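In my numbering, the protein residues as written are 7 to 99.
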(Lines of atoms letter the chains of each structure in order from A and count residues from 1; the text may use other names and numbers.)
(Lines give C-alpha, C1' and ligand atoms only; values in the text may rest on other atoms or scores of the structure.)
Protein backbone atom coordinates (compact mmCIF):
# COMPACT_ATOMS: atom_id res chain seq x y z
CA UNK A 1 0.00 0.00 0.00
CA UNK A 2 0.87 3.67 -0.08
CA UNK A 3 1.97 3.62 3.56
CA UNK A 4 4.58 0.89 3.03
CA UNK A 5 8.20 2.05 3.42
CA UNK A 6 10.39 2.29 0.35
CA UNK A 7 12.30 -0.90 -0.53
CA UNK A 8 15.46 -1.27 1.54
CA UNK A 9 14.32 1.15 4.26
CA UNK A 10 12.83 -1.30 6.76
CA UNK A 11 16.18 -2.71 8.02
CA UNK A 12 17.37 0.81 8.82
CA UNK A 13 14.10 1.73 10.56
CA UNK A 14 14.28 -1.32 12.82
CA UNK A 15 17.97 -0.78 13.57
CA UNK A 16 17.31 2.83 14.52
CA UNK A 17 15.51 1.63 17.66
CA UNK A 18 18.66 -0.20 18.76
CA UNK A 19 20.79 2.85 17.94
CA UNK A 20 18.56 5.11 20.07
CA UNK A 21 18.79 2.67 22.99
CA UNK A 22 22.55 2.30 22.59
CA UNK A 23 23.02 6.08 22.71
CA UNK A 24 20.72 6.40 25.72
CA UNK A 25 22.40 3.67 27.79
CA UNK A 26 25.96 4.58 26.70
CA UNK A 27 27.00 1.01 25.94
CA UNK A 28 30.57 -0.03 25.08
CA UNK A 29 29.33 -2.65 22.64
CA UNK A 30 26.17 -4.31 21.38
CA UNK A 31 25.68 -8.06 20.96
CA UNK A 32 23.24 -9.20 18.32
CA UNK A 33 22.27 -12.50 16.69
CA UNK A 34 22.68 -12.19 12.92
CA UNK A 35 21.57 -14.41 10.05
CA UNK A 36 24.69 -15.42 8.17
CA UNK A 37 23.31 -14.05 4.90
CA UNK A 38 23.01 -10.63 6.58
CA UNK A 39 26.46 -10.64 8.20
CA UNK A 40 28.17 -8.58 5.48
CA UNK A 41 25.64 -5.77 6.07
CA UNK A 42 26.53 -5.61 9.79
CA UNK A 43 30.25 -5.75 9.06
CA UNK A 44 30.02 -3.02 6.43
CA UNK A 45 27.73 -0.59 8.25
CA UNK A 46 28.66 -1.20 11.89
CA UNK A 47 32.12 -2.85 11.82
CA UNK A 48 30.57 -5.83 13.58
CA UNK A 49 32.84 -8.70 14.63
CA UNK A 50 31.62 -12.30 14.58
CA UNK A 51 32.06 -13.82 18.07
CA UNK A 52 30.55 -17.30 17.62
CA UNK A 53 30.23 -19.88 14.90
CA UNK A 54 26.89 -19.98 13.13
CA UNK A 55 24.41 -22.39 14.65
CA UNK A 56 21.36 -23.78 12.88
CA UNK A 57 18.00 -24.22 14.58
CA UNK A 58 16.25 -26.66 12.20
CA UNK A 59 12.60 -25.91 11.62
CA UNK A 60 12.76 -22.74 13.69
CA UNK A 61 15.47 -20.33 12.56
CA UNK A 62 18.13 -20.16 9.85
CA UNK A 63 21.80 -20.33 10.92
CA UNK A 64 22.64 -17.48 13.31
CA UNK A 65 25.92 -16.24 14.74
CA UNK A 66 26.54 -13.79 17.56
CA UNK A 67 28.12 -10.52 16.44
CA UNK A 68 29.56 -7.73 18.56
CA UNK A 69 29.20 -4.14 17.40
CA UNK A 70 31.70 -1.84 19.12
CA UNK A 71 30.32 1.51 20.30
CA UNK A 72 32.27 4.63 21.26
CA UNK A 73 34.23 6.00 18.30
CA UNK A 74 32.43 3.55 16.01
CA UNK A 75 29.08 4.98 17.14
CA UNK A 76 30.24 8.53 16.45
CA UNK A 77 31.41 7.60 12.93
CA UNK A 78 28.19 5.69 12.22
CA UNK A 79 26.05 8.66 13.28
CA UNK A 80 28.16 10.96 11.12
CA UNK A 81 27.88 8.66 8.09
CA UNK A 82 24.19 7.80 8.63
CA UNK A 83 22.61 10.89 10.27
CA UNK A 84 19.07 9.44 10.30
CA UNK A 85 20.23 7.24 13.21
CA UNK A 86 20.66 10.38 15.37
CA UNK A 87 18.05 10.82 18.07
CA UNK A 88 16.86 13.53 20.41
CA UNK A 89 16.75 13.19 24.21
CA UNK A 90 12.94 13.06 23.93
CA UNK A 91 13.18 10.00 21.65
CA UNK A 92 15.59 8.31 24.06
CA UNK A 93 13.16 8.43 27.00
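All C-beta atoms in this analysis are idealised placements derived from N, C-alpha and C, irrespective of residue type, glycine included. Nothing here was measured: the structure is a model prediction, and the numbers come from that model.
In the DSSP assignment, find the alpha helix (DSSP H) that holds residue i and state where it starts and stops.
i          : result
residue 54 : From DSSP, residue 54 is part of no alpha helix (DSSP H); its letter is neither H nor E.
residue 36 : Careful: residue 36 lies outside any alpha helix (DSSP H), inside the beta strand (DSSP E) at 35-41.
residue 24 : 16-31
residue 82 : 79-87
Measuring alpha carbon to alpha carbon, tell me which residue in the options is nearest residue i.
i          : options           : result
residue 45 : 96, 74 and 31     : 74
residue 56 : 66, 95, 22 and 70 : 70
residue 60 : 78, 87, 94 and 39 : 39
residue 93 : 19, 25 and 12     : 25
residue 87 : 52, 19, 47 and 13 : 52
residue 58 : 85, 19, 80 and 72 : 72
Between residue i and residue j, what straight-line distance do the alpha-carbon atoms span, to the nearest angstrom?
i          : j          : result
residue 99 : residue 30 : 8 Å
residue 90 : residue 43 : 24 Å
residue 95 : residue 54 : 26 Å
residue 65 : residue 83 : 38 Å
What are the boundary residues of the beta strand (DSSP E) that includes residue i?
i          : result
residue 74 : 67-76
residue 62 : 61-63
Thinking C-beta only, is residue j closer than 7 Å to residue i?
i          : j          : result
residue 41 : residue 17 : no
residue 28 : residue 36 : yes
residue 3  : residue 77 : One cannot answer for residue 3 here, as it falls past the ends of the chain, which runs 7 to 99.
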